[in-house]
Ligand code: SAM
Ligand code: SF4
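Numbering (my numbering), first residue to last: 51 to 468.
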């Protein structure tokens, strides 16, 4: 896979460093405050965090392989950016965004409803903003789903507690081995995800995080609502990012879909994780049955207001045709609208979107998205982590397809920066 390029440290100021990728500069945080890092060192950074320092010889070997391709990818990306619209209302909104003025809720709702040529123009405009703000950088994260046991009963979720299904828990050894395999494949950011599973003791999780951290990867936790002491211990062990969606900005709907839980507690957790120092990725489900008019725009605005580090949102995928899936256009428009309201946003094109169309990754990246996720859970377990039907995709094929796509649309594995 090897979808990460090392960069050269061009300068250090406080806990931040400037990283140079073939002349393109990005800022990244030092993962450990006391890390011995000097100008001229070569590093890997992910999600705006330096995760590994490597030898000059190793870096130069990799950079030599990338140099020509890096500039070819840039050219390709540039060639695919096109803007313009015949629609005066759309044109006026684009001008408003360019002038740095905020868009109102009604304007967001209108943009989200666009279809056909207008939707194409919206996505092209968002893609041009992505290129201006983040260049052609693209992160590819790996996800390891280490347990499908869950004490919660979220009605949208295929592994909720009351479902009668085959359950698994990876042992600490299996989890560390799966991470080592992903690191060997070239992943530099790994999401460790599970149901809310209290089976694992703090010591087990801390040990696993410490071992995985030594592999030179950015560790994202996606383990639900757990004790803050545990989150602090995992941060101290080397985890630096957390994926915690708030699912819906409507408090009543939140408690209906997540019985026994309150939106305010979820939002408090997000804020506490930010205080600990975690980079937080959050977002919502699109098209939950009963989603109110304007709720999608409100979800976008709430995510932005939280000031987190990455957007993660995607369609609610119902099980067994129980309801119609949300349409892909709405999800793609959501990516574009996020780009318009938060130009520098890091926007993940989520795996759930791919169940709506085999073209979803490409369309999402061309609508303003800039990150992808590939499931690298060992196959025997991944098949059982059935949040929704059609989720399982063999990792090897996905990696090959993703690399081909990124090559085709000119995206490079330089870090997105802060
Ligand atoms: N248990 C943790 C939590 O809830 O935060 C992490 C794992 S949970 C499976 C991760 C995410 O899966 C949730 O935040 C939810 O948005 C998403 N999810 C669950 N069921 C889904 C469905 N049917 N369609 C799309 N996404 C779903
Ligand atoms: Fe459990 Fe998370 Fe699924 Fe809710 S969404 S049932 S907490 S795994």
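C-beta: ideal position from N, C-alpha, C; glycine also.
Just so we're clear, the structure is a prediction, and the values are computed from it rather than from any experiment.
Fill in: Where residue 237 falls: helix, strand or coil (DSSP)
Residue numbering aside, residue 237 sits at position 187 when the chain shown is read from its first letter. Coil at residue 237, not helix or strand.
ask   = Pairing CB atoms from the segment 275 to 286 with CB atoms from the segment 334 to 346, are three or more of them under 8 Å?
value = Contact between the segment 275 to 286 and the segment 334 to 346 is absent: fewer than three C-beta pairs spanning the two stretches fall below 8 Å.
*Residue span of the beta strand (DSSP E) that contains residue 332, given as start and end*: One-based indexing of the chain shown puts residue 332 at position 282. Where residue 332 is concerned, the enclosing beta strand (DSSP E) stretches over 329 to 332.
Report task. Could you pull out every residue in the same chain whose Cβ sits closer than 7 Å to the Cβ of residue 39, ignoring the five residues on either side in sequence? Result -> Residue coverage of the chain in this structure runs from 51 to 468, which leaves residue 39 outside it and unanswerable.
Quick check: the Cα distance between residue 276 and residue 249, rounded to an integer number of angstroms? Looking up residue 276 in the chain shown gives position 226. Looking up residue 249 in the chain shown gives position 199. Residue 276 and residue 249 have their alpha carbons spaced roughly 12 Å apart.
Does the ligand SF4 have a heavy atom nearer than 7 Å to the CB of residue 91? By one-based count along the chain shown, residue 91 stands at place 41. Residue 91: no, Cβ never under 7 Å from the ligand SF4.
For residue 471, which residues from the same chain have a beta carbon less than 7 Å from its beta carbon, with the 5 sequence-adjacent residues on both sides left out?
Outside the modelled stretch of the chain, which goes from 51 to 468, sits residue 471, for which no answer is possible.
query: Where does residue 81 fall in DSSP's three states?
result: Here residue 81 refers to the residue found at position 31 of the chain shown. Three-state DSSP puts residue 81 in coil, outside helix and strand.
For this session: Sort out for me which residues DSSP pairs residue 191 with in a bridge.
Result: Residue mapping note: residue 191 aligns to position 141 of the chain shown, counting from 1. Looking at the DSSP assignment, residue 191 forms a beta bridge with 423.
Inset, instruction - Give the straight-line distance between the Cα atoms of residue 214 and residue 199, rounded to the nearest whole angstrom. - result: For the purposes of this step, residue 214 is taken as residue 164 along the chain shown, with counting starting at 1. For the purposes of this step, residue 199 is taken as residue 149 along the chain shown, with counting starting at 1. Those two C-alpha atoms are separated by around 11 Å.
- prompt: In the segment 391 to 455, which residue ranges form an unbroken alpha helix (DSSP H) of at least 4 residues, counting only runs that do not cross its ends?
  reply: Counting whole runs of 4 or more residues, the segment 391 to 455 contains the alpha helix (DSSP H) stretches 401 to 404, 410 to 416, 429 to 432.
Open item on the list: Using only the alpha-carbon positions, how far apart do residue 78 and residue 361 sit?
Closed with: Indexing the chain shown from 1 puts residue 78 at position 28. Indexing the chain shown from 1 puts residue 361 at position 311. Cα to Cα, residue 78 sits roughly 18 Å from residue 361.
Tell me which same chain residues have a C-beta within less than 6 Å of the C-beta of residue 51, skipping the five on either side of it?
For this step, residue 51 is matched to residue 1 along the chain shown. Confidence at residue 51 is low in this model, with a pLDDT of 43, below 50, so the placement of that residue should be treated as unreliable; the coordinate-derived value is given next. The answer, listed in chain order, is 235, 236, 449.
Under the three-state reduction of DSSP, which class applies to residue 101: helix, strand or coil? In the chain shown, residue 101 corresponds to position 51, counting from 1. Correct three-state label for residue 101: strand.
* Distance between residue 316 and residue 288 (C-alpha atoms, nearest Å) -> Walking along the chain shown from the start, residue 288 turns up at place 238. Walking along the chain shown from the start, residue 316 turns up at place 266. Here the alpha carbons of residue 316 and residue 288 stand approximately 23 Å from one another.
* With 16 as the cutoff for other CB atoms within 10 Å, does residue 115 come out buried or exposed? -> What you label residue 115 is simply residue 65 of the chain shown in a count that begins at 1. Its Cβ having fewer than 16 others within 10 Å, residue 115 is exposed.
Do you know offhand how far residue 56's Cα is from residue 71's?
-> The residue labelled residue 56 in the question sits at position 6 within the chain shown. The residue labelled residue 71 in the question sits at position 21 within the chain shown. Distance from the CA of residue 56 to the CA of residue 71, rounded to the nearest whole angstrom, comes to 8 Å.
- Message: On the CB-based measure, 16 or more other CB atoms within 10 Å of its CB, does residue 301 come out buried or exposed?
- Response: By 1-based counting over the chain shown, the position of residue 301 is 251. Residue 301 counts as exposed, since fewer than 16 other C-beta atoms from the protein chains shown sit within 10 angstroms of its C-beta.
**Study point:** Expected contact under 8 Å - CB spacing of residue 135 and residue 141 to nearest Å
**Key:** As a working note, residue 135 is residue 85 in the chain shown. As a working note, residue 141 is residue 91 in the chain shown. Taking the Cβ atoms as the reference, residue 135 lies roughly 5 Å from residue 141, within the contact range of under 8 Å.
Next on the checklist: For a test of the three-state rule: what should DSSP assign to residue 375, helix, strand or coil?
Outcome noted: In the chain shown, the residue the question calls residue 375 occupies position 325. It is coil, neither helix nor strand.
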